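Student: After the structure tokens below, expect a handful of questions from me.
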Amino acid sequence: MESKLIDWHPADIIAGLRKKGTSMAAESRRNGLSSSTLANALTRPWPKGELIIAKALGTEPWVIWPSALSRSAHA
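Residue numbering for the sequence shown is 822 to 896, as defined by my numbering.
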């Protein structure tokens, strides 16, 4: 039986960033993106955005988006 990989809820990601004293918009700008661009990673696969968010949270993208492992395995 295959276990389901559950990604973090977008609200948890946003809350985690706020706890770190930053925001999606701030991290977007810090990485040379438009202030709303990074939010795309919350609604669709975007490895670059996922990495930016994970680094800001002090973790790895696969921790936040375990389904990405499944996506890359089937690519």
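Glycine included, every Cβ here is placed at the ideal spot set by N, Cα and C. Every value quoted in this text rests on a predicted model; they were computed, and no experiment measured them.
If contacts are defined as beta-carbon pairs under 8 Å, then Ala862 and Ile874 qualify, I think. What distance do you get, rounded to the angstrom?
Tutor: By 1-based counting over the sequence shown, the position of residue 862 is 41. By 1-based counting over the sequence shown, the position of residue 874 is 53. So it is a contact: roughly 6 Å between Cβ atoms.
Student: Once DSSP output is grouped into helix, strand and coil, what is the label at Arg865?
Tutor: To locate residue 865, count along the sequence shown from 1; it is residue 44. Three-state result, Arg865: coil.
Student: Can you tell me the Cβ-Cβ gap for Ser849 and Thr858, rounded? I've got them flagged as a contact below 8 Å.
Tutor: Indexing the sequence shown from 1 puts residue 849 at position 28. Indexing the sequence shown from 1 puts residue 858 at position 37. Indeed they touch by this definition, with Cβ atoms about 5 Å apart.
Student: Return the CA-CA distance between Leu911 and Val884, expressed in angstroms with no decimal places.
Tutor: Nothing can be reported for residue 911: it is not among the residues displayed for the chain, which extend from 822 to 896.
Student: By Cβ distance below 6 Å, which residues in the same chain neighbour Ala846 in space, the five residues on each side in sequence not counted?
Tutor: Locating residue 846 in the sequence shown gives position 25, counting from the first residue. Cβ within range, chain order: Ser856.
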